[in-house]
Structures are given as structure tokens and as C-alpha cells.
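Numbering (UniProt numbering), first residue to last: 1 to 99.
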């Protein structure tokens, strides 16, 4: 709850210009499923049991269920984010185009 008071909206939605307090889908539409109207406190770098990473407040971000359950999981499996800047170039230093 402490983190949610510092970052009360989904970080990925906010980067896309959507203010999502958990009541919207990642597309910015009303979330039709009551069971998915919440926010998730996510570890930016997966802690994999490391207590230092688990408790590191700078390693936390707020995500909506759509971004946590789909986009973030895909990034963790793939090993990089596919997010792009205004110029269309990948932002993540781990993206193959930036290596």
C-alpha cells in the first residue's frame, strides 16, 4: 500500500497518456471484469528470491493487470522491452537493435 500511495496509476498506461487507477483496461476502456479492477505492485527487475531486490523500493512499479499479466510477462520471457521512443527506436538497452 505504501508504494501505491506514491504511484497510484499504472506506469505503462501513464507513459501512453492514459491515467489508469485500475478501473480501465490497457487500451483505456472501462474494465468490464470487476475481478480485474485493481493495480499490481510489480518488481521491475525480477527478485527471484533475492531479499534485497524484493524489498528495494526503487525496484517497484505500479501496473494494471493487463500490463502486468501480458506485457511485463512477455518482457521477462523475451529479456527486453519492445517499447519505442517517438523516433520509433527501441528504448530498452537490452533490445537487440541496441546491442
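Beta carbons: idealized from backbone N, C-alpha and C, even for Gly.
> Helix, strand or coil for residue 66 per DSSP?
Replying inline: Here residue 66 is taken as the residue at index 66 of the chain shown, counted from 1. In this structure, residue 66 counts as helix in the three-state DSSP scheme.
>> Taking 6 Å as the limit between beta carbons, can you name the residues of its chain near residue 83, skipping five residues before and five after?
In response: Along the chain shown, read from residue 1 onward, the residue named residue 83 stands at position 83. Hits under 6 Å: 91.
> What are the uninterrupted segments assigned as alpha helix (DSSP H) that are 4 or more residues long and contained completely in the region 2 to 29, given in chain order?
Replying inline: Listed in chain order, the complete alpha helix (DSSP H) runs (minimum 4 residues) inside the region 2 to 29 are 2 to 6 and 11 to 15.
> What are the partner residues of residue 61, as DSSP defines its beta bridges?
Replying inline: The residue given as residue 61 occupies position 61 in the chain shown. Beta-bridge pairing links residue 61 to 42.
> How many angstroms separate the CA atom of residue 97 from the CA atom of residue 63?
Replying inline: Numbered from its first residue, the chain shown carries residue 97 at position 97. Numbered from its first residue, the chain shown carries residue 63 at position 63. Whole-angstrom Cα-Cα distance: 26 Å.
>> I'd like the span of the alpha helix (DSSP H) that includes residue 32, first residue to last.
In response: For the purposes of this step, residue 32 is taken as the residue at position 32 of the chain shown. Run containing residue 32: none; DSSP gives neither H nor E here.
> Are three or more beta carbon pairs between the region 53 to 72 and the region 20 to 29 nearer than 8 Å?
Replying inline: Enough Cβ pairs lie closer than 8 Å, so yes.
> When DSSP builds the beta bridges, which residues end up paired with residue 90?
Replying inline: For this step, residue 90 is matched to residue 90 along the chain shown. For residue 90, which the question treats as bridged, DSSP gives the partners 84.
> What did DSSP end up calling residue 48 once you bin it into helix, strand or coil?
Replying inline: Start at 1 with the first residue of the chain shown, and residue 48 comes out as number 48. It is coil, neither helix nor strand.
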